[in-house]
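Chains as they are written, first to last, in numbering that gives the first Met the number 0: chain A, 0 to 425; chain B, 0 to 555.
C-beta: ideal position from N, C-alpha, C; glycine also.
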Amino acid sequence: MPSYTATCPFCGLLCDDLLVEAQAAQSGGEVLRPLRGICERSRAAFATLGASDCAVASARTAGKPTTLETALEAASAILREARRPLIGGLAVDVAGMRATLELARRLGAIVDHAASRIKYRNLHVLQEAGWITTTLAEVKNRADLLVLVGDGWHARFPRFVERVIGPQTDLLGSPLTRRIILADEAAAAAAGALPLQFERLSLHAPKSALPALFAMLGAQAAGQPVDPARFPVVAADLLAQCAEWLRAARYGVVVWAAADLDFPHAELALQALSRLLRVLNRTGRFAGLPLAGTNGDLTANAVHTWQAGVAFPASHANGQIDFDPHRYAMDEVLARREADCLLWISSLSADSAPPPCEIPTLVLGRADIELRNEPKVFVPVATPGIDCDGHLLRTDKVISLHLRRLRSGTLPSVPQVVHGLLKRLG
Amino acid sequence: MLTKLANAVVVDPANGVNEVVTDLFLRDGRIAPPPAEGEHVDRVYDLSGLIVMAGAIDLHTHIGGGKVNLARAMLPEIDRRDAVPATEVCGACMGGAAPSTLATGYRYAAMGYTACFEPAMLPVNARQAHMEMGDTPLVDKGAYALLGNDDFFLRLLAGGAAQAEINDYVGWTLHASQAMAIKVVNAGGISAFKFNQRKLDVDDPHPHYRVSPRQVIRSLTRAVHELGVPHPLHVHASNLGVPGNVESTLATIDAAEGRPIHLTHVQFHSYGTEGERKFSSAAQRIAEAVNRAPNVSVDVGQIIFGQTVTASADSMLQHRNARHARPHKWVVMDIECDSGCGVVPFRYRDKDFVNALQWAIGLELFLLVRDPWRVFLTTDHPNGGPFTSYPHLIKLLMDRGFRNDMLAAVHPAAAELSSLKDLQREYSLYEIAIMTRAAPARILGLHDRGHLGEGAAADVVVYEPDRDPERMFARPRYVFKDGELVVERGEVKSVSSGSIHTVKPQFDRGIERKLEDYFARYHTMSMASFKLGDDEVRECGRTSGLIVHPCRESPR
Numbered sequence: 000m001p002s003y004t005a006t007c008p009f010c011g012l013l014c015d016d017l018l019v020e021a022q023a024a025q026s027g028g029e030v031l032r033p034l035r036g037i038c039e040r041s042r043a044a045f046a047t048l049g050a051s052d053c054a055v056a057s058a059r060t061a062g063k064p065t066t067l068e069t070a071l072e073a074a075s076a077i078l079r080e081a082r083r084p085l086i087g088g089l090a091v092d093v094a095g096m097r098a099t100l101e102l103a104r105r106l107g108a109i110v111d112h113a114a115s116r117i118k119y120r121n122l123h124v125l126q127e128a129g130w131i132t133t134t135l136a137e138v139k140n141r142a143d144l145l146v147l148v149g150d151g152w153h154a155r156f157p158r159f160v161e162r163v164i165g166p167q168t169d170l171l172g173s174p175l176t177r178r179i180i181l182a183d184e185a186a187a188a189a190a191g192a193l194p195l196q197f198e199r200l201s202l203h204a205p206k207s208a209l210p211a212l213f214a215m216l217g218a219q220a221a222g223q224p225v226d227p228a229r230f231p232v233v234a235a236d237l238l239a240q241c242a243e244w245l246r247a248a249r250y251g252v253v254v255w256a257a258a259d260l261d262f263p264h265a266e267l268a269l270q271a272l273s274r275l276l277r278v279l280n281r282t283g284r285f286a287g288l289p290l291a292g293t294n295g296d297l298t299a300n301a302v303h304t305w306q307a308g309v310a311f312p313a314s315h316a317n318g319q320i321d322f323d324p325h326r327y328a329m330d331e332v333l334a335r336r337e338a339d340c341l342l343w344i345s346s347l348s349a350d351s352a353p354p355p356c357e358i359p360t361l362v363l364g365r366a367d368i369e370l371r372n373e374p375k376v377f378v379p380v381a382t383p384g385i386d387c388d389g390h391l392l393r394t395d396k397v398i399s400l401h402l403r404r405l406r407s408g409t410l411p412s413v414p415q416v417v418h419g420l421l422k423r424l425g
Numbered sequence: 000m001l002t003k004l005a006n007a008v009v010v011d012p013a014n015g016v017n018e019v020v021t022d023l024f025l026r027d028g029r030i031a032p033p034p035a036e037g038e039h040v041d042r043v044y045d046l047s048g049l050i051v052m053a054g055a056i057d058l059h060t061h062i063g064g065g066k067v068n069l070a071r072a073m074l075p076e077i078d079r080r081d082a083v084p085a086t087e088v089c090g091a092c093m094g095g096a097a098p099s100t101l102a103t104g105y106r107y108a109a110m111g112y113t114a115c116f117e118p119a120m121l122p123v124n125a126r127q128a129h130m131e132m133g134d135t136p137l138v139d140k141g142a143y144a145l146l147g148n149d150d151f152f153l154r155l156l157a158g159g160a161a162q163a164e165i166n167d168y169v170g171w172t173l174h175a176s177q178a179m180a181i182k183v184v185n186a187g188g189i190s191a192f193k194f195n196q197r198k199l200d201v202d203d204p205h206p207h208y209r210v211s212p213r214q215v216i217r218s219l220t221r222a223v224h225e226l227g228v229p230h231p232l233h234v235h236a237s238n239l240g241v242p243g244n245v246e247s248t249l250a251t252i253d254a255a256e257g258r259p260i261h262l263t264h265v266q267f268h269s270y271g272t273e274g275e276r277k278f279s280s281a282a283q284r285i286a287e288a289v290n291r292a293p294n295v296s297v298d299v300g301q302i303i304f305g306q307t308v309t310a311s312a313d314s315m316l317q318h319r320n321a322r323h324a325r326p327h328k329w330v331v332m333d334i335e336c337d338s339g340c341g342v343v344p345f346r347y348r349d350k351d352f353v354n355a356l357q358w359a360i361g362l363e364l365f366l367l368v369r370d371p372w373r374v375f376l377t378t379d380h381p382n383g384g385p386f387t388s389y390p391h392l393i394k395l396l397m398d399r400g401f402r403n404d405m406l407a408a409v410h411p412a413a414a415e416l417s418s419l420k421d422l423q424r425e426y427s428l429y430e431i432a433i434m435t436r437a438a439p440a441r442i443l444g445l446h447d448r449g450h451l452g453e454g455a456a457a458d459v460v461v462y463e464p465d466r467d468p469e470r471m472f473a474r475p476r477y478v479f480k481d482g483e484l485v486v487e488r489g490e491v492k493s494v495s496s497g498s499i500h501t502v503k504p505q506f507d508r509g510i511e512r513k514l515e516d517y518f519a520r521y522h523t524m525s526m527a528s529f530k531l532g533d534d535e536v537r538e539c540g541r542t543s544g545l546i547v548h549p550c551r552e553s554p555r
């Protein structure tokens with residue numbers, strides 16, 4: 000039975016040390032079983048997508064199985080009629096996004112990612128103030144202090160601890176020991192995932208108090224007068240100890256996943272965090288590590304940004320590019336009924352389904368995608384790193400990895416489907 | 000397909016041709032010998048009175064890779080002022096301080112450039128850099144891999160590794176990242192910044208590895224030379240932008256010990272400390288050193304007044320310069336035990352003392368370095384200004400009256416504290432052709448580019464002579480890429496993808512045993528994941544054209 004070293008496409012860490020076994024099934028297609036390097040997230044994905052029928056799933060029009068040809072004809076007929084199409088989802092790899100952009104230009108579509116609101120929390124701060132950030136290998140080999148915000152570092156990126164902060168590497172001499180500050184309640188609740196040998200400090204700040212916490216630590220680090228009494232949610236002695244740890248760090252890293260900052264005006268927390276990082280770098284070294292990259296959010300955005308020159312959400316209508324994170328946000332566009340057709344592309348995610356809407360919906364989706372409503376046309380597409388080769392950007396936006404096909408099957412890739420549509424649209 | 004360019008006034012310095020009227024033939028993407036009598040010619044262009052040169056080559060322009068993309072994402076308000084609408088053949092995109100890949104390709108080609116080299120490709124970011132270059136249409140691309148701040152190299156050097164082992168690592172890096180040359184940025188300084196060091200002079204020891212920038216430069220110039228890589232080590236010297244950095248620049252030249260070395264954006268490294276404001280031009284000293292040392296070449300990194308964004312691997316100096324950011328936002332990154340980056344938007348103002356003097360220093364360097372084969376036309380795009388300002392820059396070099404008029408209009412310090420007003424030199428068309436075509440091709444080892452001899456790539460530009468060189472160079476009548484007409488009267492008429500240029504020197508693959516273990520221990524991906532293969536780079540680069548240029552026989 001063949002087994003392959005594989006790179007996992009199911010979260011932004013892109014762990015490249017998986018061992019996956021492929022076995023032909025009698026019913027056609029191949030079953031995939033991960034043997035090594037598995038986490039909760041990838042286990043769930045392999046359990047459904049790895050089934051043999053997923054490798055040979057068939058297209059549907061109006062809920063009935065059909066050929067790819069028929070599905071493409073039906074989809075292109077709908078797209079041809081659309082006056083204001085919206086291309087959403089965008090859980091795709093580089094080749095998928097390159098093709099999607101060709102289609103967006105041809106259709107004059109609005110494009111947006113399923114997680115765009117979350118992504119914009121970070122992008123907003125980049126465009127307002129900027130960042131000092133770092134990457135996984137720097138954290139692994141250099142970070143002697145980590146400030147963990149939320150529990151995404153464990154719940155959303157299950158092997159982050161094992162692969163990045165667990166190892167006590169000796170690149171710079173003696174084995175690295177780390178101190179950990181758990182900023183909020185969610186972080187503290189996940190502390191069991193951390194290695195025992197690291198010294199810890201739990202601040203237990205409620206999530207909604209994070210903007211104030213970062214602002215206070217920033218002011219404190221800048222030597223401005225602060226009154227801990229005005230911030231009663233964290234005990235004064237804990238704050239003092241936190242400030243002391245920040246001062247003592249040789250290389251400190253603040254880790255968060257923007258998805259965890261799901262409270263109104265979360266960008267305030269990130270703005271205050273950006274300022275805290277700047278202040279700490281006046282005299283020492285500190286950096287942020289935003290965790291992202293899952294479901295192609297960074298990949299799709301990077302390709303859009305380099306080809307178009309701006310991030311999305313954006314409109315490609317009228318032979319022009321217009322970036323506007325509020326006007327073109329997918330939910331807003333749908334709520335204002337400004338789109339007359341939704342093309343949803345999600346080759347990486349099964350739980351990123353199109354939002355319920357009344358306009359004709361076409362889905363190019365992972366074979367095991369969970370759809371709440373049957374779309375006009377459904378085309379199961381190859382998942383990069385499973386059914387076809389692909390490239391994805393990792394959480395730190397610097398590394399991109401080449402993912403290899405692990406099994407044979409009948410699924411077309413997103414570029415193949417999109418080029419089929421472009422050909423029919425003429 | 001056989002195309003005849005009849006009665007062309009050819010300027011082709013690589014072949015010693017200066018405004019000679021002749022017919023050129025383009026066949027199958029190459030400059031071809033005249034066809035046999037009676038053979039059918041598919042297309043004839045009568046170029047009577049028009050100047051014909053090889054496609055221009057930019058050997059230092061930041062067009063692809065993570066830091067450029069950060070700059071794009073960061074500045075929508077600047078991009079928005081420079082929208083590029085769709086045409087029948089071009090996609091809609093944004094220009095701006097860090098233009099989109101599409102706009103970059105369109106605009107370079109429209110100016111008669113047919114090859115661009117990204118000078119700061121982080122090996123860990125090579126895949127993305129090649130993808131961005133792959134989405135840059137019309138021009139050929141290549142990239143220089145960054146070394147000298149990566150922990151693997153610094154460990155080798157600190158551990159007293161033999162030069163042969165360092166050479167193997169450098170050779171391996173060129174292969175693994177599909178690069179054309181090696182660059183070092185602020186040797187050791189980017190790494191030192193991760194240890195909270197804020198300045199590293201050429202003879203200062205690195206805070207952890209205890210090796211000096213001089214040792215890094217010496218070791219890498221030697222490795223590049225001994226591997227036979229055509230392009231010399233491409234060096235962004237220590238102390239970029241710091242008054243008095245002329246000393247570290249001269250020390251960097253010295254560190255090469257007579258081996259070939261290319262100093263990039265040398266304008267940013269030619270500053271003295273004279274005068275009341277402790278900031279002065281040291282262009283004369285640098286130019287004299289370059290004139291004296293035939294192993295040294297430079298590109299200038301001219302600044303152009305206006306809004307731009309600076310994107311550099313030099314995290315140490317970009318963090319230091321961040322206080323000058325306009326608009327006030329900036330990004331600094333430490334990157335993957337490999338390198339770093341800093342993105343700082345910048346507005347160069349003609350009435351500003353420092354900026355005006357920087358402008359004058361750049362021009363002094365152009366005019367004082369005597370050999371046009373060793374000084375290259377760059378703005379360090381986008382750091383000194385956009386590449387679209389090259390025609391304006393050419394006019395500054397060719398037209399003394401225009402230059403002096405501008406000098407009179409900028410902050411008076413430029414005239415008072417530099418020698419620019421005394422410089423009479425005007426570049427000839429022939430010299431412009433050297434510095435923008437023949438010389439970059441030669442110094443990069445591109446034997447079939449940068450000239451119009453038989454067998455060369457049919458990258459050909461046709462200009463209408465004009466008393467105003469800016470107008471002439473901004474809008475060529477025709478541009479042919481690989482023999483196909485792609486631009487007419489400055490407008491893109493068809494879109495193709497260029498080739499990727501690389502070198503692949505011989506090295507001992509035994510180095511991979513050490514690297515494999517290093518990656519497994521310290522990196523967050525395997526060595527196999529890091530390496531970029533030939534098929535993959537073609538896919539990323541969206542081209543079948545992967546051109547491997549020969550390396551010299553090892554001088555060892």
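- Bounds of any beta strand (DSSP E) do not take in B:ASP167; it lies within the alpha helix (DSSP H) bounded by 162 to 176.
- Listed in chain order, the non-local C-beta contacts of B:MET471 below 7 Å within the same chain comprise TYR462, GLU463, PRO464 and ASP465, local neighbours out to five positions each way being set aside.
- Taken through DSSP and simplified to helix, strand or coil, A:ASP259 comes out as helix.
- Across the set A:PRO411, A:GLY425 and A:ALA301, the C-alpha of A:ALA301 shows the shortest separation from the C-alpha of A:HIS112.
- The residue from B:LEU155, B:PHE151, B:SER176 and B:ARG80 with its alpha-carbon nearest to that of B:MET120 is B:SER176.
- Not one beta carbon of chain A lies nearer than 7 Å to the beta carbon of B:ALA310.
- Taking the C-beta atoms as reference points, B:VAL308 is found nearer than 7 Å to B:ALA97.
- Contact between A:CYS38 and A:ARG158 is confirmed by a C-beta separation of about 5 Å, below the 8 Å threshold.
- Counted as a single uninterrupted DSSP element, the beta strand (DSSP E) harbouring B:TYR112 occupies residues 112 to 120.
- Burial check for B:GLU430: the Cβ neighbour count within 10 Å reaches 16 or more, so the residue is buried.
- At a cut-off of 7 Å between C-beta atoms, B:GLU415 does not count as an interface residue with respect to chain A.
- Between A:LEU89 and A:ALA299 the beta-carbon gap is near 4 Å, inside 8 Å, which marks them as a contact.
- Where B:MET52 is concerned, the enclosing beta strand (DSSP E) starts and stops at 50 to 53.
- Under DSSP, the beta-bridge partners assigned to B:ARG42 are B:THR2.
- Its chain contains THR134 and LEU135 as the residues whose beta carbon lies nearer than 6 Å to that of A:ASP395, once the 5 sequence neighbours on both sides are disregarded; these appear in chain order.
- In the DSSP assignment, B:ASN17 falls outside any alpha helix (DSSP H) and lies within the beta strand (DSSP E) extending over 16 to 26.
- Beta-bridge annotation (DSSP): B:SER338 is paired with B:ILE334.
- For B:SER218, the uninterrupted alpha helix (DSSP H) run begins and ends at 212 to 226, by DSSP.
- For the pair A:SER41 and A:CYS7, the CB atoms are nearer than the 7 Å cut-off.
- Under a 10 Å Cβ-count criterion, B:GLY159 is classified as exposed, with fewer than 16 other Cβ atoms of the shown protein chains found around its own Cβ.
- Membership of A:TYR3 in the beta strand (DSSP E) is indicated by the continuous run 2 to 5.
- Taking 8 Å as the upper bound on Cβ-Cβ separation, chain B lies near residues ARG249 and TYR250 of the region 224 to 253 of chain A.
- For the alpha helix (DSSP H) assignment, the region 10 to 38 of chain A encloses no uninterrupted run of at least 4 residues.
- When the alpha-carbon of B:LEU422 is set against those of B:VAL169, B:PHE365, B:MET434 and B:ARG551, the nearest one is in B:PHE365.
- Residues are counted here when their Cβ sits less than 8 Å from a Cβ of chain B; for the region 309 to 338 of chain A these are VAL309, ALA310, HIS315, GLY318, GLN319, ILE320 and PHE322, given in chain order.
- Contacts with chain A at 7 Å (Cβ-Cβ) do not include B:ARG322.
- Per the DSSP secondary-structure output, A:TRP343 pairs in a beta bridge with A:GLY87 and A:VAL362.
- Of the candidates A:ARG423, A:PHE9, A:LEU297 and A:LEU276, A:LEU276 places its Cα closest to the Cα of A:LEU145.
- For B:ALA359, same chain residues with a beta-carbon under 6 Å away, outside a window of 5 residues either side, are ALA413, SER417 and LEU419 in chain order.
- CA-to-CA, the gap between B:LEU316 and B:ASN195 works out to about 12 Å.
- Distances from the CA of A:ASP350 to each of A:CYS10, A:PRO1 and A:MET0 were compared; the closest alpha carbon is that of A:CYS10.
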